[in-house]
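Visitor:
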Amino acid sequence: MSNTNPANPTASILKANIKKKAETKDTSKPIHTQGNDFNQVDLVNVKVNPASIIADDNQSISQLDELKELAESWKTKALRFAADNQNILKQHELDNQQVIKRTKKTILTLIMPFLTSMNLAFGMMPKSLDTNVNKYIDGLKSQLDKLTNDLKNAQVELIIPTKGEEFNPTTMTSLNSSEDEELTVKQVVGLGVRIDGQLIQAATVML
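Here my numbering is used: the first residue of the sequence shown is 264, the next is one more, and so on.
1. Specify, as a first and last residue, the run of the alpha helix (DSSP H) that Thr-394 falls within.
2. Would Gly-212 and Thr-411 be called neighbours here (beta carbons separated by less than 8 Å)?
3. Please determine if the segment 461 to 470 and the segment 409 to 424 are in contact, where contact requires at least 3 C-beta pairs separated by less than 8 Å.
4. Could you name the residues that DSSP lists as bridge partners for Met-387?
5. Report the CB separation of Leu-454 from Asn-382 in whole angstroms; it is logged as a contact under 8 Å.
6. Using the three-state DSSP reduction, which class does Leu-371 fall into: helix, strand or coil?
7. On the premise that Val-419 lies in contact with Lys-367, defined as a C-beta separation below 8 Å, what is that separation, rounded to the nearest angstrom?
8. Considering only C-alpha positions, which residue in the set Leu-352, Gln-461, Asp-401 is nearest to Thr-434?
9. With a CB to CB cut of under 6 Å and the five nearest residues on each side skipped, what residues in its chain are close to Lys-398?
10. Comparing alpha-carbon positions, which option in Leu-378, Ile-400, Phe-377 lies nearest Met-388?
11. Applying the criterion that 16 or more other CB atoms from any shown protein chain within 10 Å of the CB defines a buried residue, is Leu-373 buried or exposed?
12. Taking only the alpha-carbon atoms, compute the straight-line gap between Glu-442 and Leu-352 and give it to the nearest angstrom.
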């Protein structure tokens, strides 16, 4: 009988696994470098994809263009808003001026008969021998003059012709005709008025 022992199957399997591991290299782990070991990295095998870089650049340019368009859009909207706001303010100012002018005309229409009567009365009133009466009349006339000045400061100007004054067709209207070469006011019938420099009513006179 031969003394040779048959091969151990377990030992054979272990040897095969050890050989296989020795021949296999694990390339899945990242390369770690410390300090000067960076020079030992194989940079030759590092691959860069040019198409990927170009794609990233194109995407950045596209995003920049979108931001520029958005900025221009907001700038246009801001300018339009500012212009609209200015137009609204101007229209509001015009509306206020029209309201003020209408208010002036309404008030003046109410007090014009009184102003006309007072001015005509003072123009025809003779001096009294009574000192107290004269003082009273002078006081009333002073108040009327003050009211006239206050109206003028508010851009409401009374047109008050005086007897003997040259006839002015731009601010006066005549109730009669005259053959005189020089047309002068013989009598004042009604006062005229300007509001904000615009003639609203011409003074009425007799020639």
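Think of the CB as a built atom: it goes at the ideal place given N, C-alpha and C, for glycine as much as any other residue.
Guide: The short version:
1. 394 to 416
2. A query on residue 212 cannot be resolved here, the shown segment of the chain reaching from 264 to 470 and no further.
3. yes
4. None, per the DSSP bridge assignment.
5. 6 Å
6. helix
7. 6 Å
8. Gln-461
9. none
10. Ile-400
11. exposed
12. 54 Å
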